[in-house]
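The sequence shown begins at 5 in my numbering and counts up one residue at a time.
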Amino acid sequence: MAHIVVLGAGLSGAIMAYEMKAKLRPEDKITVVTRDPVYHFVPSNPWVAVGWRKREDVEVDLAPILAKKGIAFKPVAATKLNAEANSIDLEDGSSIAYDYLIIATGPELAFDEIEGLGPHAGHTQSVCHVGHAEKAAASFEAFCKNPGPIIIGAVQGASCFGPAYEFLFIVETELRRRKIRDKVPMTFVTAEPYIGHLGLDGVGDTKGLLESEMRQHHIKWMTSTRVKKVEPGKMTVEEIADDGSVKATKELPFGFSMMLPAFRGIPAVRGIEGLSNPRGFTIVDKHQRNPKFKNIFAVGVCVAIPPTGPTPVPCGVPKTGFMIESMVTATAANVGQVLRGQEPSHEATWNAVCLADFGDSGVAFVAQPQIPPRNVNWSSSGKWVHNAKVGFEKYFLRKMRKGTSETLYEKAFLDLLGINKLKEVKNG
5 MAHIVVLGAG LSGAIMAYEM KAKLRPEDKI TVVTRDPVYH FVPSNPWVAV
55 GWRKREDVEV DLAPILAKKG IAFKPVAATK LNAEANSIDL EDGSSIAYDY
105 LIIATGPELA FDEIEGLGPH AGHTQSVCHV GHAEKAAASF EAFCKNPGPI
155 IIGAVQGASC FGPAYEFLFI VETELRRRKI RDKVPMTFVT AEPYIGHLGL
205 DGVGDTKGLL ESEMRQHHIK WMTSTRVKKV EPGKMTVEEI ADDGSVKATK
255 ELPFGFSMML PAFRGIPAVR GIEGLSNPRG FTIVDKHQRN PKFKNIFAVG
305 VCVAIPPTGP TPVPCGVPKT GFMIESMVTA TAANVGQVLR GQEPSHEATW
355 NAVCLADFGD SGVAFVAQPQ IPPRNVNWSS SGKWVHNAKV GFEKYFLRKM
405 RKGTSETLYE KAFLDLLGIN KLKEVKNG
């Protein structure tokens, strides 16, 4: 008998548990360890932050679903991974032993790396967690009673740019609906070297599509920009030249701001030699397996991926839902092989497939593989993207509540969107 522990129950961890359960032998046991017993559909957070969704609309109570599937559940935060001893210390003073560990924690949000950043001790909002999105919604409501400048974007070291673009245009749409758009100057501030870089060196014509959308909606932008500090109503930023020097320092006023932070690995897995990189992300080989600790695998945002290339301001590489699900499927198959005395042979596709909702339109893109050069490099825009994103949200939450182990993202995109390019991705 083997005990498999899945650490984390967000997008990657929850579906990892479902898929891993299907690959176990009858005598094996699986336990999910997570600090939060309730799953939240993170892609809906930009909608929560403007009041288009409520928290309960995007929640899934995991305990009864996991119980029905015969998966043990321990909703207690991890404090320290003891990789040599095959155990995890937990916040309640207990520990849990494992034979195989799958790290699916997602990231820690590094708000503290910039003075004044973040929704807790700082002066900017976030859509990285549903709790942050609720706080942003309250702040946005107050802002709309006394409108002024808005700054939205992603700081240096960020690796998740899509939600920043989404929230930018969702806010713009909501301001128009409230008839106060004319009172709100909007600026997009990003570490990316150009609009639409996305941490991927662009996909298809994302540069042209997103620049065009910003011009049409009267949104200014600043690229290769580093946030120095944030004070109440004022953000100090530095524009960085290609050689890394500071071209200009500017003070930008704002009445409301949402800035995505940089990510790092959670404290419980950081600083373990051979397991994590300097940012605390878990190092894996092509089979999602750590090279040093052969009984540890990792999936999702916590996985270490090098950037596509040097940029004047550091930009990380995003892990899209489609890419994460391919990691999950490969990992479940590989652990299943190891349990049966075989060497792992499955590899994640690491393709990027994304729907970016803009409130009443949007941009979709496909990158196969995610890191260029690519076999498929496609992007498109239109009102259909918004409708598809809404449909996909309903589809995914329904599947989560049923506890299905099928690959959700690929099926949802192919069935709901019917894009020929996505069929090309599926068929390779």
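Positions of the beta carbon are idealized from the N, C-alpha and C atoms, including for glycine.
Within the stretch 96–149, the complete alpha helix (DSSP H) runs of at least 4 residues fall at 134–149.
In terms of CA proximity to Ser261, Met190 leads the group Ala336, Met190 and Ile34. 8 Å or more divides the Cβ of Gln292 from the Cβ of Thr333.
Around the C-beta of Gln374, 16 or more other C-beta atoms lie within 10 Å, and the residue is accordingly described as buried. Comparing alpha carbon positions, the residue from Asp40, Gly55, Lys78 and Gly74 closest to Val64 is Asp40. Burial of Asp205 is indicated by the presence of at least 16 other C-beta atoms within 10 angstroms of its C-beta. Under the three-state reduction of DSSP output, Trp382 falls in the strand class. Beta-bridge partners assigned by DSSP to Cys358: Phe369.
Pairwise C-beta distances place the stretch 115–123 out of contact with the stretch 91–99, as fewer than three of them are shorter than 8 Å.
Excluding residues up to 5 positions away in sequence, Ile199 lie with their Cβ nearer than 6 Å to the Cβ of Glu215 in the same chain. For Gly157, the uninterrupted beta strand (DSSP E) segment begins and ends at Ile154 to Ala158. Counting of Cβ neighbours within 10 angstroms places Met263 among the buried residues, the total reaching 16 or more. In this structure, the straight-line span from the alpha carbon of Val234 to that of Thr227 is close to 18 Å.
Per DSSP, the beta-bridge partners of Pro257 are Lys238. Using a 10 angstroms sphere on the CB of Gly208, the tally of other CB atoms reaches 16 or more, which defines it as buried. Boundaries for Val332: no beta strand (DSSP E) harbours it, while the alpha helix (DSSP H) harbouring it runs Gly325 to Leu343, taken from the DSSP string. Exposure of Gly74 is indicated by the presence of fewer than 16 other C-beta atoms within 10 angstroms of its C-beta. Beta-bridge pairing by DSSP links His350 to no other residue. Rounded to whole angstroms, the gap between the alpha carbons of Val288 and Glu145 is 43 Å.
In this chain, the beta strand (DSSP E) harbouring Glu63 covers Glu63 to Asp65. In the structure shown, Ala71 falls within a helical segment according to DSSP collapsed to helix, strand and coil. Here the alpha carbons of Arg344 and Ile106 stand approximately 17 Å from one another.
In this structure, the beta-carbon distance from Pro322 to Leu202 falls below 8 Å. A check of alpha carbon separations from Asp364 across Gly157, Val62 and Phe171 identifies Phe171 as the nearest.
Beta-bridge pairing by DSSP links Met218 to no other residue. Between Leu359 and Ala337, the C-beta spacing is not below 8 Å.
When DSSP states are grouped into helix, strand and coil, Ser280 belongs to the strand group.
Membership of Val10 in the beta strand (DSSP E) is indicated by the continuous run His7 to Leu11. Scanning its chain for C-beta atoms nearer than 7 Å, with the 5 sequence neighbours on each side dropped, one finds around Trp382 the residues Gly208, Phe369, Val370 and Lys425, in chain order. Residue environment: Val250 is assigned as exposed (fewer than 16 neighbouring CB atoms within 10 Å of its CB, all protein chains considered). Spatial neighbours of Lys139 in its own chain (CB-CB distance under 7 Å, excluding positions within 5 residues in sequence) are listed in chain order as Pro123 and Gln129. The Cβ-Cβ distance between Leu15 and Gly248 does not fall below 8 Å. Of Pro348, Ile69, Trp56 and Arg57, the smallest CA-CA separation from Gly407 is found for Ile69.
Secondary structure note for Val394: its alpha helix (DSSP H) is the uninterrupted segment Lys387 to Lys406. For the pair Arg182 and Pro151, the Cα-to-Cα distance works out to about 11 Å. Residues of the same chain with a CB within less than 6 Å of the CB of Gly120, apart from the 5 flanking positions on each side, are Gly126, His127, Lys233, Val234 and Glu235 in chain order.
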